[in-house]
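Asks:
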Amino acid sequence: MQAAESQDWSLPKPKIFKPKYRLPFIQDYRKPAGLEFWEVFPSRPPGPGLSLIDEKALCAVAAEAGKTDWPELEMVCGDIRCGANIGCEGPFREASESSNAPSAFEYAAQVTDSIASWIDKGFVFGPLGRNDLPQGVKISGIMCRPKPNGSARVILNLSAPRGQSVNEGIDKKQFPATMSSTRKWVAVLNRAGRSAWMAKCDWCEAYKHIAVRNEDIKLQYFSWLGMFFAEICLVFGAVSSAGLYDRAAKVVLAIVIILASFSKDFVCQYLDDTCAAAPANQLESLQRFCETYHKVASRVGVLLADSSDPDKAFGPRKVGTILGVEYDTENWSWQIPTEKAARCMLQLRELIAADYVRQDDVWRIVGRIVHYAPLIPSGRFNLDCFMRANKETVERDFLVRVTPDLRQQASFWILMIKVCSGNCGIPELDAKFPPWTIEVFTDAAGGSLNGLGRGCGGVSGPWWFHLRWPRKINCGVKHTDGKKLSKKLSALELVGPLISVSCSSQLEPGGPMRIWVDNAGSVKIWEKGYSSSCDLCTTIVKAIATVAAGLGCRVSIQKITRCSTKPAVLADLLSKGDFRRFWALHRHHNLDPARIPVAILSWVNNPRRDDELGSRILKEIRK
Numbered sequence: 058m059q060a061a062e063s064q065d066w067s068l069p070k071p072k073i074f075k076p077k078y079r080l081p082f083i084q085d086y087r088k089p090a091g092l093e094f095w096e097v098f099p100s101r102p103p104g105p106g107l108s109l110i111d112e113k114a115l116c117a118v119a120a121e122a123g124k125t126d127w128p129e130l131e132m133v134c135g136d137i138r139c140g141a142n143i144g145c146e147g148p149f150r151e152a153s154e155s156s157n158a159p160s161a162f163e164y165a166a167q168v169t170d171s172i173a174s175w176i177d178k179g180f181v182f183g184p185l186g187r188n189d190l191p192q193g194v195k196i197s198g199i200m201c202r203p204k205p206n207g208s209a210r211v212i213l214n215l216s217a218p219r220g221q222s223v224n225e226g227i228d229k230k231q232f233p234a235t236m237s238s239t240r241k242w243v244a245v246l247n248r249a250g251r252s253a254w255m256a257k258c259d260w261c262e263a264y265k266h267i268a269v270r271n272e273d274i275k276l277q278y279f280s281w282l283g284m285f286f287a288e289i290c291l292v293f294g295a296v297s298s299a300g301l302y303d304r305a306a307k308v309v310l311a312i313v314i315i316l317a318s319f320s321k322d323f324v325c326q327y328l329d330d331t332c333a334a335a336p337a338n339q340l341e342s343l344q345r346f347c348e349t350y351h352k353v354a355s356r357v358g359v360l361l362a363d364s365s366d367p368d369k370a371f372g373p374r375k376v377g378t379i380l381g382v383e384y385d386t387e388n389w390s391w392q393i394p395t396e397k398a399a400r401c402m403l404q405l406r407e408l409i410a411a412d413y414v415r416q417d418d419v420w421r422i423v424g425r426i427v428h429y430a431p432l433i434p435s436g437r438f439n440l441d442c443f444m445r446a447n448k449e450t451v452e453r454d455f456l457v458r459v460t461p462d463l464r465q466q467a468s469f470w471i472l473m474i475k476v477c478s479g480n481c482g483i484p485e486l487d488a489k490f491p492p493w494t495i496e497v498f499t500d501a502a503g504g505s506l507n508g509l510g511r512g513c514g515g516v517s518g519p520w521w522f523h524l525r526w527p528r529k530i531n532c533g534v535k536h537t538d539g540k541k542l543s544k545k546l547s548a549l550e551l552v553g554p555l556i557s558v559s560c561s562s563q564l565e566p567g568g569p570m571r572i573w574v575d576n577a578g579s580v581k582i583w584e585k586g587y588s589s590s591c592d593l594c595t596t597i598v599k600a601i602a603t604v605a606a607g608l609g610c611r612v613s614i615q616k617i618t619r620c621s622t623k624p625a626v627l628a629d630l631l632s633k634g635d636f637r638r639f640w641a642l643h644r645h646h647n648l649d650p651a652r653i654p655v656a657i658l659s660w661v662n663n664p665r666r667d668d669e670l671g672s673r674i675l676k677e678i679r680k
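Numbering (the numbering used here), first residue to last: 58 to 680.
#1: In chain order, what are the residue ranges of uninterrupted beta strand (DSSP E) at least 3 long that sit wholly in the segment 425-488?
#2: Pick helix, strand or coil for methionine 236, following the three-state DSSP scheme.
#3: Which residue wins for smallest C-alpha separation from cysteine 401, given the options Gly381, Tyr302, Ser197, Trp389?
#4: Consult DSSP for aspartate 412 and reduce its assignment to one of helix, strand or coil.
#5: Using DSSP's beta-bridge definition, name the partner residues of tyrosine 302.
#6: Should methionine 570 go down as buried or exposed, given a rule of 16 or more other Cβ atoms within 10 Å for buried?
#7: With a cut-off of 8 angstroms, do at least 3 Cβ pairs link the segment 230-240 to the segment 300-307?
#8: Taking arginine 644 as the reference, give the member of Ser517, Trp127, Ala295 with the closest Cα.
#9: Using C-beta distances below 6 angstroms, list every residue in its chain close to aspartate 629, excluding the 5 sequence neighbours before and after it, in chain order.
#10: Using only alpha-carbon positions, find the residue among Trp521, Tyr278, Phe180 that is nearest to aspartate 189.
#11: Assuming arginine 525 contacts glycine 510 (C-beta within less than 8 angstroms), just tell me the rounded distance between them.
#12: Just mark tryptophan 640 as buried or exposed, buried being the case when its beta carbon has 16 or more other beta carbons within 10 Å.
#13: Ignoring anything shorter than 3 residues, give me the beta strand (DSSP E) runs that lie fully in the segment 574-660, in order along the chain.
#14: With DSSP collapsed to three states, give me the class of valine 292.
#15: What span of residues does the alpha helix (DSSP H) with asparagine 271 cover, start to end?
#16: Consult DSSP for valine 376 and reduce its assignment to one of helix, strand or coil.
#17: On the three-pair Cβ rule with 8 angstroms, is the segment 253-266 touching the segment 122-132?
#18: Proline 626: which of Gly515, Cys594, Asn531 sits nearest, CA to CA?
#19: Excluding the five sequence neighbours on either side, which residues of its own chain have a C-beta within less than 6 angstroms of the C-beta of glutamate 550, listed in chain order?
#20: Let me know if valine 163 comes out buried or exposed under the rule of 16 or more other beta-carbons within 10 Å of its beta-carbon.
#21: Excluding five sequence neighbours on each side, which residues of the same chain lie with their C-beta closer than 8 angstroms to the C-beta of tryptophan 493?
#22: With a threshold of 6 angstroms on Cβ separation, who are the neighbours of valine 324 within its own chain once the five nearest residues in sequence on each side are excluded?
#23: With burial defined as no fewer than 16 other Cβ atoms inside 10 Å of the residue's Cβ, what is the status of proline 184: buried or exposed?
#24: If I'm right that glycine 283 touches serine 390 with Cβ under 8 angstroms, what's the distance once you round it to whole angstroms?
#25: According to the neighbour-count rule (16 or more other Cβ atoms, all chains shown, within 10 Å of its Cβ), is threonine 460 buried or exposed?
#26: Let me make sure I understand the geometry here. Which of Asp259, Lys545, Gly503 has the alpha-carbon closest to that of tyrosine 327?
#27: Counting only runs that start and end within the segment 110-142, where is the alpha helix (DSSP H) found for 4 or more residues in a row?
#28: Please state the DSSP three-state secondary structure of asparagine 188.
#29: Use the C-beta contact count for glycine 539: other C-beta atoms within 10 angstroms, 16 or more gives buried, fewer gives exposed.
#30: Can you have a look at serine 505 and say buried or exposed, based on whether 16 or more other CB atoms are within 10 angstroms of its CB?
#31: For the beta strand (DSSP E) that isoleucine 495 lies in, which residues bound it at each end?
#32: Grouping DSSP H, G and I as helix and E and B as strand, with all else coil, what is proline 394?
#33: Flag this pair as yes or no: are the beta carbons of alanine 141 and arginine 270 separated by less than 8 angstroms?
#34: Answer with yes or no whether the minimum CB distance from proline 569 to chain D is below 8 angstroms.
#35: Alpha carbon to alpha carbon, how far is arginine 202 from isoleucine 212? Give it in angstroms, no decimals.
#36: Using CA coordinates, which residue listed in Cys145, Arg638, Glu96, Lys265 is at the minimum distance from leucine 215?
The structure is reproduced here in structure tokens:
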């Protein structure tokens, strides 16, 4: 309660930016710099890029690991040897020019310092005058995002100009990047167990390890202070960069895992971060993994961060920040670092206070809360409004309306971040259910006027229930989204699990429950916690979660092949209202069916979005 009533956390004072280069003072960065400035600014003549990774060394360590005939290795070696093909095709390769974003001028000193550093490191060539530019170059604007250390990340905006941008000419599906996540890392920790050891390795200048092919350099020009430059390696801002880099990072990681004899089940890799864990009694195995990773990186040319900054990299320890969350395996707890939590709260407060927010601001907020959702109790059941807002459009500057439901969910996230961070244990997201778990089999029929008694039904030993669909569903009345209620099969299928959980107190109060359904869509919606296309499904899974939490009941909803077992057959017969065959198969004739809460009956008679359905069911059960 004290945490919930406390004020939002304050952002720490930003660190002072310390430039690496002593350059002449510039009063207005929107205007061209004078000749005296460029005389001391680093320069590099136009030329091809050079990947940091050594192809021969990479092939040598791959051979030591027994990975010679390996398609992924061949593709990475091709990127190193010839330069990566960023995938832009057709008219989107034609010349165009975009201006720099306001953020670039807001952090102009940091941008200037970064460009100078890139030139010295061989990642960029320039400066060039306009008359020195080759024909057909695309000049993209640059954007900027501040970093906690006072510097800023420079991003080449390859999504502009609209209708002519580089990113519009790239098929992102051709460049997949398999990301890790908080959920995957928590699963690793649970496998390693309490008091596990953790370690993290981080690639410096991650994207710059891979140069792009000569033909694509013309797509990566930008302008600054009246002069022109070109990035010759993978860039932040190209939709293919993550996939191209990820391919190389995964090849290196796979080699390390083999050479270190380390289990891949204890490793997560998220772009440039590689995180690993080991049980408390296996410290040596994690030390061996870290040593092998550093040796392989040194041999092939991968630049790794040292452990002087534990936010970047650290050796085996029991407290550390992984993917933006600090874990303590000794106390088995987690917390969001103060600055990250404060920034998230600030963004949510700004959203609550606004009538409209930019689409790219929504994307940033959603990225944060989706990342934390696996750690927050009921987190996945409070994402639906954000996910709808997240998909309004692909236009960054589109204004998204802030609905009352969206404001309510934003308030939920502010509250839960305050209450849970530092106060909750590391969750067991895929906890196994015990042998005494109650098994319930449910089924639902689509609405129809052909035949009486169609609805949903369920059985669990002698216990059973049946709910007949009301006329509104059987007649196929259209929902607000234009779809007939009779055809909303995933939603109709989820009514059975809601009844099962609500009636669980009639079986074994607080006992774990596994509910079997024959609709894969319903299972996926339960696992996600919401449906992007059906607010009725979202309403039901939220209600299931609320009722289960109120009754202290762990719930799992799983897919079963239709009529594959006797209980599944009984549930199917109940869904069709075929009581003659049901009683012929069922042995327990003298028991009454389960009592279905009135709140569920009322909602089924008038299906609609209703975030309070679960609370009403609990109030009724309590009476």
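Note that beta-carbon positions come from the ideal geometry of N, C-alpha and C, so glycine has one too.
Every value quoted in this text rests on a predicted model; they were computed, and no experiment measured them.
Replies: Per the coordinate set shown:
#1: DSSP runs (the beta strand (DSSP E)) wholly in the segment 425-488: 456-458.
#2: Mapped onto the sequence shown, residue 236 falls at position 179. Note: methionine 236 maps to coil in three-state DSSP.
#3: The residue you call residue 401 lines up with position 344 of the sequence shown. Answer by Cα proximity: Gly381.
#4: As a first step, residue 412 is located in the sequence shown; it is residue number 355 there, counting from the start. Under the three-state reduction of DSSP output, aspartate 412 falls in the coil class, being neither helix nor strand.
#5: For the purposes of this step, residue 302 is taken as the residue at position 245 of the sequence shown. For tyrosine 302, which the question treats as bridged, DSSP gives no partner whatsoever.
#6: Locating residue 570 in the sequence shown gives position 513, counting from the first residue. Answer is buried; the Cβ neighbour count reaches 16.
#7: They touch, by the three-pair rule.
#8: Within the sequence shown, numbered from 1, the residue matching residue 644 stands at position 587. Per the Cα distances, Ser517.
#9: Your numbering for residue 629 matches position 572 in the sequence shown. Excluding positions up to five away in sequence, the list reads Asp500, Cys620.
#10: Taking the sequence shown and counting its residues from 1, one reaches residue 189 at position 132. Checked all of Trp521, Tyr278, Phe180; the closest Cα to aspartate 189 is Tyr278.
#11: On the sequence shown, position 468 is the one that residue 525 refers to. On the sequence shown, position 453 is the one that residue 510 refers to. The C-beta distance from arginine 525 to glycine 510 rounds to 6 angstroms, short enough to meet the 8 angstroms contact threshold.
#12: Here residue 640 is taken as the residue at index 583 of the sequence shown, counted from 1. It counts as exposed.
#13: You should have 612-616.
#14: Your numbering for residue 292 matches position 235 in the sequence shown. Here valine 292 sits in coil by DSSP.
#15: Looking up residue 271 in the sequence shown gives position 214. First-last of the alpha helix (DSSP H) with asparagine 271: 271-274.
#16: In the sequence shown, counting from the first residue as 1, residue 376 sits at position 319. Reduced to three states, the DSSP call for valine 376 is strand.
#17: No, the segment 253-266 does not touch the segment 122-132.
#18: Translated into the one-based positions of the sequence shown, residue 626 becomes position 569. Here residue 626 turns out to be valine, not proline, going by the sequence shown. Of all alpha-carbon atoms in Gly515, Cys594, Asn531, the one lying nearest the alpha-carbon of valine 626 is that of Gly515.
#19: In the sequence shown, counting from the first residue as 1, residue 550 sits at position 493. Spatial neighbours of glutamate 550 in its own chain (CB-CB distance under 6 angstroms, excluding positions within 5 residues in sequence) are listed in chain order as Ala501, Val574, Asn576, Ser579.
#20: Start at 1 with the first residue of the sequence shown, and residue 163 comes out as number 106. The amino acid occupying residue 163 in the given sequence is glutamate; valine does not appear at that position. Under this definition glutamate 163 is an exposed residue.
#21: The residue you call residue 493 lines up with position 436 of the sequence shown. Closer than 8 angstroms at Cβ, skipping near neighbours: Gly568, Pro569.
#22: Here residue 324 is taken as the residue at index 267 of the sequence shown, counted from 1. Closer than 6 angstroms at Cβ, skipping near neighbours: Ala333.
#23: As a position in the sequence shown, residue 184 is number 127, starting the count at 1. So proline 184 counts as buried.
#24: Against the sequence shown, residue 283 aligns to sequence position 226. Against the sequence shown, residue 390 aligns to sequence position 333. Incorrect: roughly 53 angstroms between the Cβ atoms, too far for contact.
#25: In the sequence shown, the residue the question calls residue 460 occupies position 403. Here threonine 460 is exposed: its Cβ has fewer than 16 other Cβ atoms, across all protein chains shown, within 10 Å.
#26: In the sequence shown, the residue the question calls residue 327 occupies position 270. Ranking Asp259, Lys545, Gly503 by Cα distance to tyrosine 327 puts Asp259 first.
#27: The alpha helix (DSSP H) runs of length 4 or more contained entirely in the segment 110-142 are, from start to end of the chain, 112-121, 128-139.
#28: As a first step, residue 188 is located in the sequence shown; it is residue number 131 there, counting from the start. Helix.
#29: In the sequence shown, counting from the first residue as 1, residue 539 sits at position 482. Classification for glycine 539: exposed.
#30: Position 448 of the sequence shown, counted from the start, is the residue given in the question as residue 505. Under a 10 Å Cβ-count criterion, serine 505 is classified as exposed, with fewer than 16 other Cβ atoms of the shown protein chains found around its own Cβ.
#31: Mapped onto the sequence shown, residue 495 falls at position 438. Where isoleucine 495 is concerned, the enclosing beta strand (DSSP E) stretches over 495-501.
#32: Mapped onto the sequence shown, residue 394 falls at position 337. Reduced to three states, the DSSP call for proline 394 is coil.
#33: Here residue 141 is taken as the residue at index 84 of the sequence shown, counted from 1. Here residue 270 is taken as the residue at index 213 of the sequence shown, counted from 1. In this structure, arginine 270 lies closer than 8 angstroms to alanine 141 by Cβ.
#34: Absence of chain D from the displayed structure is noted, only one protein chain being present.
#35: Counted from its first residue, the sequence shown places residue 212 at position 155. Counted from its first residue, the sequence shown places residue 202 at position 145. Our two residues, isoleucine 212 and arginine 202, have alpha carbons roughly 8 angstroms apart in a direct line.
#36: In the sequence shown, residue 215 corresponds to position 158, counting from 1. Answer by Cα proximity: Cys145.
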